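S.K.: Under the working numbering, the first residue of the sequence shown carries the number 44, and numbering increases by one thereafter.
Don't be surprised by glycine CBs; every beta carbon is placed ideally from N, CA and C.
In this text, all values refer to a predicted model and were calculated from it rather than measured experimentally.
The structure that follows is given in the form of C-alpha cells.
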Amino acid sequence: QITPDSVLQLVLMENEENKRSYTLEELKELLNKLMLMSGKGEQGNSEVDKFAEIFSNVQRLAGSFIDLYLAGNMLFRTWEAEIHCEDNARVSVFMSFNIDEIDELQGQEALTDLLPDICKTMERLLDEWLAFVNKKRSQLYYLNYYTAEQVVYLCQQYQMRDISEEALVMLSFIKPDCKKIDTINSCFPKANSRFLTAVNQPDMMDFAMELENCTDVSKKLELVWKFSMDNMSSFFPGCLDLDTLGTSLAALAELNEKPINRDLHPSLQPGRPNLILCPPSDILSCAIAIYMHSSGEQLPSYDEVLLCTPHTTYEEVALFLRRCLTAGYSGKKIYSLIYADQLSYDIGYKSELLFQQLQAQGMDKYSLVIICNSDREHCYIPSVFSQFKIHMIPQGQPVAIHRYLCTHFKVGSDVVSAASVFKDGMSAGIVSSKRAGV
C-alpha cells in the first residue's frame, strides 16, 4: 500500500562509506527535537527553520504524488524524486518517470524557491487529472464499474492476447462469463480507428528537443504532462487510454444479449431518491422486497447494491452514485444504498454534493433507494434526504422471500457446480448448530 511512510525517506551520508536512513516518523520526531533546541542561537534557528520549510514542502510533494498515483494516473506510477539538501549541491532536485522516452528532469535553483513551485505544479496537475477522469466517467458509463486502481489494471490488461483470469473475472460483471475472444472483439471493433491512430503518431523528436531547450523544471514537468495527456500510447504502448477502455467496455456490454430490466415497487418513485427508514431487523428484508417486484430478473450484484459500513470509502459511494445517475446502460436497474446512516459525516457530505452535481446533469430516469436504520435518522444521509422519505415501506412475507431466494440460488442439474452436493442444489446456504461451539 502506498502511503507517506512508504514513499518518503531521508538518506544522510555519515561518511564516504556509511549512510543512515530516516523514516517519515523519525523525521517528524527529529523536527520536534530541533524545534525544542532551536533557542540556543540565531544560527540554530535559521537552520531549523530551513529544515522545517524543506521538510514541509517535501511532505506536500509526496502528498500530491500519492494522490496522482491513487487517482490512476499512469505517468506517475513509477515516478521518483531525489531532493538534495546540501548548500553546495549543483542540482537540487532530480525527477525521473522511469520511462525510456522521458529524460531525467533536473532543477538547480535553491530548494526554498524550487520546491514550492514544483508542489504548486503537481497540485495543479492533480486537479486537472481529477477533472479529466470525472468528465470521462460522466461520458463513459462502464468506467464506473471500477475503481481507479482497477481501471489502471484493465488499461494494462485489456488488449493483451493472454489477458489474465483476474481481468476476465472483473469484466464478467459487464459481460457474464467473459472470454478472451470477447475482449478481442470488443477492443478492436473498428480497424480504421487503429489505422488513424498509427498515422497520427506524434513526433517524439520534437518533444525531446522542446524538453531539452526548457530550463525551468516546473515547466518541463508541465510539458511532459501535456504530451502524456495528448499521446499516452507513446509512453505506454501496451496500455489503453480511458477513452479506448470506456468504448471497449461499452462494446463488451453490447455482447450481453439480455440486459436487466426491473420494475420499481409501487411505493417508490423514479427520478428522485427514495429514503426508507425502518428498524434494523427489517432492512435486508425490505431491500429484498424491492427486487422481488421483478422476480424474473437475476439477483442484484455489487453494481446495484452498496452495503455501507463506517469504513466505506468515498470512492465506493461515488462509483455507486455514478452508476445510478450516468446514462449508458441499455436496461433499467434499481440502485440501493443500504445502511447509508453508517457513512461517516465527511463521506456523507461529499457524497451528497456529488449527488447534487450528477442530478444537475439532467438524468431523470434513475431509480435510487436509500435504506437507513430508523434509530439513526439524525445521521447525515437520512437527515439531508429527509424530504424524500417514503411512508409505505416495501416488505415481503418470509415465505415469499424464501421462495424467491431459493429460485435464484438453485443451480440447474445440467450445470457442473459445487452446489450439486448441497441440499436441493443450492449455491448458498447457512450451516448452523443447536449446540454451542459446534
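Where Leu-111 and Met-335 are concerned, what is the direct C-alpha to C-alpha distance, given to the nearest angstrom?
M.R.: Taking the straight line from one Cα to the other gives about 42 Å.
S.K.: Count the other CB atoms within 10 Å of the CB of Thr-46; is the residue buried (16 or more) or exposed (fewer)?
M.R.: Result: exposed.
S.K.: Is the stretch 190-206 in contact with the stretch 248-262, if contact means three or more CB pairs nearer than 8 Å?
M.R.: The answer is no - the stretch 248-262 does not touch the stretch 190-206, with fewer than three Cβ pairs under 8 Å.
S.K.: Pull the bridge partners of Pro-313 from the DSSP assignment, please.
M.R.: DSSP output for Pro-313 lists no bridge partner at all.
S.K.: Within the same chain, show all residues whose beta-carbon is closer than 6 Å to that of Leu-118, passing over the 5 residues directly before and after it, in chain order.
M.R.: So the qualifying residues of the chain are Ser-271.
S.K.: What does DSSP give as the partner residues of Phe-137 in its beta bridges?
M.R.: Note: Phe-137 sits in a beta bridge opposite Glu-125, Gln-149.
S.K.: Measuring straight from C-alpha to C-alpha, what distance separates Leu-77 and Asp-246?
M.R.: If you take the alpha carbons of Leu-77 and Asp-246, they lie about 51 Å apart.
S.K.: In chain order, what residues of the same chain lie with their CB nearer than 8 Å to the CB of Phe-238, ignoring the 5 residues before and after it?
M.R.: Bear in mind that a pLDDT of 40 at Phe-238, under 50, signals an unreliable position, so the number given afterwards is only what the model happens to contain. Cβ neighbours of Phe-238 beyond the five flanking positions: none.
S.K.: Output needed for Val-101: all residues of its chain with C-beta closer than 8 Å, excluding positions within five of it in sequence on either side, in chain order.
M.R.: Correct list, in chain order: Leu-51, Ile-126, Leu-158.
S.K.: Tell me, which residues are paired with Cys-321 by DSSP?
M.R.: In DSSP, Cys-321 forms a bridge with Asn-416.
S.K.: Along the beta strand (DSSP E) that carries Ile-333, what are the first and last residues, could you check?
M.R.: Segment 326-335 is the alpha helix (DSSP H) holding Ile-333; no beta strand (DSSP E) there.
S.K.: If you follow the alpha helix (DSSP H) that Tyr-388 is part of, which residue opens it and which one closes it?
M.R.: Counting along the chain, the alpha helix (DSSP H) containing Tyr-388 begins and ends at 388-402.
S.K.: Here's the rule I'm using: 16 or more other beta-carbon atoms within 10 Å means buried, otherwise exposed. How should Leu-288 be labelled?
M.R.: Buried.
S.K.: Just reading off the beta strand (DSSP E) that Ser-64 is part of, what are its end residues?
M.R.: First-last of the beta strand (DSSP E) with Ser-64: 62-65.
S.K.: Reducing DSSP to helix, strand and coil, say where Asn-235 ends up.
M.R.: Unreliable positioning characterises Asn-235 in this predicted model, as indicated by a pLDDT of 40, which lies under 50. A coordinate reading is not provided.
S.K.: Under three-state DSSP, which class holds Tyr-378?
M.R.: Strand, per DSSP.
S.K.: Report all residues from its chain with a CB closer than 8 Å to the CB of Lys-179; omit the five preceding and five following residues, and keep chain order.
M.R.: Taken in chain order, the residues that qualify are Leu-186, Leu-285, Asp-286, Gly-289.
S.K.: Can you grab the Cα-Cα spacing for the pair Phe-98 / Ser-139, in whole Å?
M.R.: Those two C-alpha atoms are separated by around 20 Å.
S.K.: Any contact of the stretch 315-326 with the stretch 408-426, i.e. 3+ C-beta pairs under 8 Å?
M.R.: These segments touch.
S.K.: Cutting at 8 Å between CB atoms, please list the residues of its own chain near Thr-240, excluding the five before and the five after it.
M.R.: For Thr-240, the pLDDT reaches just 48, beneath the cut-off of 50, and the residue's location in the model is therefore unreliable, although a value from the coordinates is still provided. Once the five neighbours on either side are set aside, the close Cβ partners of Thr-240 are Ser-276.
S.K.: Just to confirm the assignment, what range does the alpha helix (DSSP H) spanning Val-54 have?
M.R.: Careful: Val-54 lies outside any alpha helix (DSSP H), inside the beta strand (DSSP E) at 53-56.
S.K.: Pairing CB atoms from the stretch 206-222 with CB atoms from the stretch 303-316, are three or more of them under 8 Å?
M.R.: Segments in contact, no.
S.K.: Could you check if Lys-224 is buried or exposed, using at least 16 other CB atoms within 10 Å of its CB as the buried criterion?
M.R.: First, the amino acid is wrong: residue 224 is Ile here, not Lys. With fewer than 16 Cβ atoms within 10 Å of its Cβ, Ile-224 is classed as exposed.
S.K.: Let's test the definition: count the other Cβ atoms within 10 Å of the Cβ of Glu-60 and tell me whether it reaches 16, buried, or not, exposed.
M.R.: The residue in question, Glu-60, is exposed, as its Cβ has fewer than 16 Cβ neighbours within 10 Å.
S.K.: For chain C, find out if any of its Cβ atoms is closer than 8 Å to the Cβ of Asn-256; answer yes or no.
M.R.: Although the question refers to chain C, the structure presented lacks it and comprises just one protein chain.
S.K.: Is it right to say Asp-389 is buried, meaning 16 or more other beta carbons lie within 10 angstroms of its own, or is it exposed?
M.R.: Exposed is the call here.
S.K.: Among residues of its own chain, excluding the 5 on either side of Leu-113, which ones have a beta-carbon nearer than 8 Å to its beta-carbon?
M.R.: Hits under 8 Å: Ile-45, Ala-191, Glu-192.
S.K.: Given Met-109, which residues of its chain have a CB within under 8 Å of its CB, disregarding the five upstream and five downstream residues?
M.R.: A small correction: the amino acid at residue 109 is Ile; Met does not occupy that position in the sequence shown. The answer, listed in chain order, is Ile-45, Thr-46, Pro-47, Val-50.
S.K.: Buried or exposed: where does Ile-377 fall if 16 or more other Cβ atoms within 10 Å of its Cβ makes it buried?
M.R.: Buried.
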